[in-house]
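In the working numbering, each residue's number is its place in the sequence shown (first place is 1) plus 230.
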Amino acid sequence: MDAFSLFSFFPGTNLSPASLLDADETELFEPTVNGFNEEWVTHGPEGSTISITISERHDVVRDSKKGFSTLASNLWDASPKSYYRLEGYDFLDPDELLVSGPNRTKSRSQFSMFQGSAEDPNRKWGRMVRAIRCADVGDENLRVSISCATVTSPAVRRYFARNPERSHIPTKRFALELKKLDELYCNLRTRKNMKSLVLLQFQHAALNIFTSFLELIAMTYTKSRSRDFDARLSGLRRWQLEAIMSDSQLYREISDSGIELVATIESLLDLVVGITEQDSTGFHQEAELLILDKALRGCCKDIKLRLTRLSDGLEHSLKFLSITRELNQSSNVQNLTLLATIFLPLSLAAGVLSMQSRFKDLGSLLYDFFGVVVLLVAIVLLLLGIMFVFANVKELESRILKYKAYRQFERRIVLSILALILITFGALVLASFIVGMFKDVVLGATILGYGTIVLVFGPIVIWIIAPGIHQIVRRLKEGSIGLSHIIGQRFNANKEKENDIEKDFGTRQRGSRPRNELDNGNQTSGLQVLDTPNTENTTNPSEDIHSSTVSKEISY
Numbered sequence: 231m232d233a234f235s236l237f238s239f240f241p242g243t244n245l246s247p248a249s250l251l252d253a254d255e256t257e258l259f260e261p262t263v264n265g266f267n268e269e270w271v272t273h274g275p276e277g278s279t280i281s282i283t284i285s286e287r288h289d290v291v292r293d294s295k296k297g298f299s300t301l302a303s304n305l306w307d308a309s310p311k312s313y314y315r316l317e318g319y320d321f322l323d324p325d326e327l328l329v330s331g332p333n334r335t336k337s338r339s340q341f342s343m344f345q346g347s348a349e350d351p352n353r354k355w356g357r358m359v360r361a362i363r364c365a366d367v368g369d370e371n372l373r374v375s376i377s378c379a380t381v382t383s384p385a386v387r388r389y390f391a392r393n394p395e396r397s398h399i400p401t402k403r404f405a406l407e408l409k410k411l412d413e414l415y416c417n418l419r420t421r422k423n424m425k426s427l428v429l430l431q432f433q434h435a436a437l438n439i440f441t442s443f444l445e446l447i448a449m450t451y452t453k454s455r456s457r458d459f460d461a462r463l464s465g466l467r468r469w470q471l472e473a474i475m476s477d478s479q480l481y482r483e484i485s486d487s488g489i490e491l492v493a494t495i496e497s498l499l500d501l502v503v504g505i506t507e508q509d510s511t512g513f514h515q516e517a518e519l520l521i522l523d524k525a526l527r528g529c530c531k532d533i534k535l536r537l538t539r540l541s542d543g544l545e546h547s548l549k550f551l552s553i554t555r556e557l558n559q560s561s562n563v564q565n566l567t568l569l570a571t572i573f574l575p576l577s578l579a580a581g582v583l584s585m586q587s588r589f590k591d592l593g594s595l596l597y598d599f600f601g602v603v604v605l606l607v608a609i610v611l612l613l614l615g616i617m618f619v620f621a622n623v624k625e626l627e628s629r630i631l632k633y634k635a636y637r638q639f640e641r642r643i644v645l646s647i648l649a650l651i652l653i654t655f656g657a658l659v660l661a662s663f664i665v666g667m668f669k670d671v672v673l674g675a676t677i678l679g680y681g682t683i684v685l686v687f688g689p690i691v692i693w694i695i696a697p698g699i700h701q702i703v704r705r706l707k708e709g710s711i712g713l714s715h716i717i718g719q720r721f722n723a724n725k726e727k728e729n730d731i732e733k734d735f736g737t738r739q740r741g742s743r744p745r746n747e748l749d750n751g752n753q754t755s756g757l758q759v760l761d762t763p764n765t766e767n768t769t770n771p772s773e774d775i776h777s778s779t780v781s782k783e784i785s786y
């Protein structure tokens with residue numbers, strides 16, 4: 231957690247992520263350089279053709295219209311005036327999340343740069359706005375024009391302005407999805423249902439991309455956010471409530487787009503099935519069309535289920551966080567009641583017992599009276615400060631309780647240290663008062679004072695000198711390892727030298743025996759054998775003694 235998270239402790243600081251705003255023309259990102267444009271031709275029934283063009287035109291998307299009436303005008307009008315508008319969601323660069331292989335490191339670095347340029351959790355995805363128009367061009371041919379645009383936050387638009395080649399990735403993916411579905415829809419087209427099937431293919435491609443988006447958002451966003459809302463770890467905090475409100479708004483916008491897409495596909499399916507059943511030339515396509523109908527309706531049910539889970543998960547988390555917070559509040563009320571039960575009778579008794587004289591006759595005792603009041607106020611303020619710090623620490627801890635390592639190790643260590651400090655301080659106070667009451671007040675106060683100083687400043691001193699001690703221990707350890715390594719090297723060198731001497735001696739001894747057998751008592755040859763080792767080796771006296779012994783044997 232960075233230092234800016236400390237602002238979350240102060241009221242009025244907005245902790246909720248900025249949600250994606252509603253689509254309007256000021257938020258549409260328009261590529262300024264190398265706009266995407268792709269065109270291909272697919273075959274229709276009986277030699278007809280369908281020319282498909284996909285581009286990124288900001289003005290076309292801005293002027294497009296939503297609703298099934300606009301879609302129906304593309305079915306019945308030969309040259310419709312309006313583009314049908316379809317909105318959905320897609321990750322702006324999901325390949326960076328799923329890429330594997332040798333390009334994984336490069337992709338991760340690019341995605342890190344993309345994350346750094348954005349300022350809210352919506353940086354990973356955006357709202358895709360696509361507009362389509364189907365026009366007859368004669369001879370039963372069709373021209374399909376599709377324009378795509380992206381609704382993103384200002385930070386992502388700045389990132390796309392610096393990296394224009396990456397702004398076309400969602401449009402390229404949509405074009406690729408259309409081409410994949412072309413093989414499926416090509417065999418289902420007839421003259422009567424050709425235009426309706428083209429519009430259904432357009433919706434089918436958007437449905438596949440939206441399904442992938444829901445799967446990715448469940449893996450990369452919803453799963454991590456659910457750990458922040460775990461009621462088993464903490465009660466409802468302000469930052470959690472604001473995050474739930476932001477996610478609720480985001481999920482509502484996603485659900486609206488998904489429900490509209492599902493409703494349009496189901497209506498188009500009914501229309502296409504009805505047209506195909508009335509077409510006498512399309513009997514062989516009916517079986518395949520029924521299979522497609524069942525598959526698409528199954529995908530629509532799956533999307534409805536996923537969208538329902540998004541909202542139900544937030545409601546579930548909010549419900550149990552609220553219950554946990556209410557339990558904590560009731561526990562706090564019980565603690566306050568207990569404190570009031572203890573101190574209220576004490577205050578009443580102290581007030582009654584102190585009224586032994588009239589107020590005007592108190593004199594210098596008034597100073598002591600107000601001194602006690604000031605002292606009590608100071609103690610109350612100190613307790614309030616401690617409670618404020620404790621509440622902020624609990625707020626901070628609720629953010630990191632989701633990490634298992636913290637719960638199992640760091641949290642236990644911190645709680646153990648705090649418990650040790652409290653027990654030690656309690657024992658010190660108890661010992662001080664016992665000594666003061668039964669032996670000497672000055673000695674008891676001295677014990678309390680010096681003990682408090684040690685408990686307060688001791689951990690600070692240890693914390694300051696701990697790095698130096700760690701450094702000294704590390705250097706001593708490195709020195710001992712280096713010294714043992716040097717000793718081991720010298721020992722190995724001496725051992726290798728002894729082994730070499732023994733091998734040299736054995737080699738010379740084996741070489742002298744054949745010469746003695748060939749000479750057959752020739753003393754001259756024996757003397758030559760003796761001269762050789764004496765001239766070659768002058769450092770080892772043992773070898774000289776052995777050579778003299780050999781010479782005597784040869785002379786005999």
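For each residue, glycine too, the CB sits at the ideal point set by N, CA and C.
CB residue i to CB residue j, shorter than 7 angstroms?
{"i": "Leu-418", "j": "Leu-519", "result": "yes"}
{"i": "Cys-529", "j": "Leu-437", "result": "yes"}
{"i": "Tyr-314", "j": "Val-290", "result": "no"}
{"i": "Ile-474", "j": "Leu-548", "result": "yes"}
{"i": "Leu-414", "j": "Leu-466", "result": "no"}
{"i": "Asp-366", "j": "Thr-420", "result": "no"}
{"i": "Tyr-389", "j": "Trp-355", "result": "no"}
{"i": "Gly-666", "j": "Gly-674", "result": "yes"}
{"i": "Phe-321", "j": "Leu-446", "result": "yes"}
{"i": "Val-428", "j": "Val-374", "result": "yes"}
{"i": "Cys-364", "j": "Lys-425", "result": "yes"}
{"i": "Ser-278", "j": "Val-271", "result": "no"}
{"i": "Glu-317", "j": "Ser-485", "result": "no"}
{"i": "Pro-310", "j": "Ser-299", "result": "no"}
{"i": "Thr-401", "j": "Phe-266", "result": "yes"}
{"i": "Arg-357", "j": "Val-381", "result": "yes"}
Which residue marks the beginning of the alpha helix (DSSP H) containing residue i, and which one marks its end?
{"i": "Tyr-481", "result": "468-508"}
{"i": "Asp-834", "result": "Past the boundaries of the shown model lies residue 834; the chain is included only from 231 to 786, so the question cannot be answered."}
{"i": "Arg-287", "result": "Premise fails: Arg-287 is in no alpha helix (DSSP H) and is neither H nor E."}
{"i": "Asp-412", "result": "399-416"}
{"i": "Phe-663", "result": "641-668"}
{"i": "Arg-421", "result": "Looking at the DSSP string, Arg-421 is not in any alpha helix (DSSP H), and its letter there is neither H nor E."}
{"i": "Gln-393", "result": "Contrary to the premise, residue 393 reads as Asn rather than Gln in this sequence. Asn-393 -> no alpha helix (DSSP H), and no H or E assigned at all."}
{"i": "Arg-637", "result": "Element bounds for Arg-637: n/a, residue is neither H nor E."}
{"i": "Ser-299", "result": "298-306"}
Could you round the C-beta distance between residue i and residue j to whole angstroms and report it? I think they count as a contact, below 8 angstroms.
{"i": "Ile-495", "j": "Gln-433", "result": "5 angstroms"}
{"i": "Arg-527", "j": "Leu-499", "result": "7 angstroms"}
{"i": "Cys-378", "j": "Glu-286", "result": "6 angstroms"}
{"i": "Leu-544", "j": "Ser-478", "result": "6 angstroms"}
{"i": "Leu-491", "j": "Phe-443", "result": "About 11 angstroms separates the two Cβ atoms, so there is no contact after all."}
{"i": "Ala-198", "j": "Phe-404", "result": "Residue 198 is absent from the model: the chain starts at 231 and stops at 786."}
{"i": "His-546", "j": "Cys-416", "result": "Their Cβ separation, rounded to whole angstroms, is 45 angstroms, which puts His-546 and Cys-416 out of contact at 8 angstroms."}
Residues in its own chain within less than 8 angstroms of residue i by CB, not counting five upstream and five downstream?
{"i": "Ile-489", "result": "Lys-534 and Leu-537"}
{"i": "Thr-654", "result": "Leu-685"}
{"i": "Lys-295", "result": "Ser-312, Tyr-313, Tyr-314 and Arg-315"}
Leaving out the 5 sequence neighbours to the left and right, which residues in its chain are closer than 6 angstroms to residue i when beta-carbon positions are compared?
{"i": "Asn-423", "result": "Val-502, Ile-505 and Thr-506"}
{"i": "Ile-683", "result": "none"}
{"i": "Ile-664", "result": "none"}
{"i": "Thr-768", "result": "Low confidence applies here, because Thr-768 scores a pLDDT of 43, under 50, leaving its location unreliable and the question unanswered by this model."}
{"i": "Leu-522", "result": "none"}
{"i": "Leu-301", "result": "Tyr-314"}
{"i": "Val-671", "result": "none"}
By Cβ distance below 7 angstroms, which residues in the same chain neighbour residue i in space, the five residues on each side in sequence not counted?
{"i": "Thr-754", "result": "Residue placement at Thr-754 is flagged as unreliable, the pLDDT there being 42, under the threshold of 50; a coordinate-derived value is accordingly withheld."}
{"i": "Thr-762", "result": "At Thr-762, the pLDDT of 41 sits below 50, so the modelled position is not reliable; the number obtained from the coordinates is stated separately. Excluding residues within five positions, none has a Cβ falling inside 7 angstroms."}
{"i": "Met-637", "result": "In the sequence under discussion, the amino acid at residue 637 is Arg, which differs from the Met named in the question. Same-chain partners within the cutoff: Leu-631."}
{"i": "Ala-661", "result": "Ile-677"}
{"i": "Ser-330", "result": "Below a pLDDT of 50, predicted positions are generally treated as unreliable, and Ser-330, at 39, falls in that range; no measurement from the model is reported."}
First and last residue of the beta strand (DSSP E) that includes residue i?
{"i": "Asn-438", "result": "Unbroken run through Asn-438 is the alpha helix (DSSP H), 424-447; no beta strand (DSSP E)."}
{"i": "Thr-272", "result": "267-273"}
{"i": "Leu-316", "result": "314-321"}
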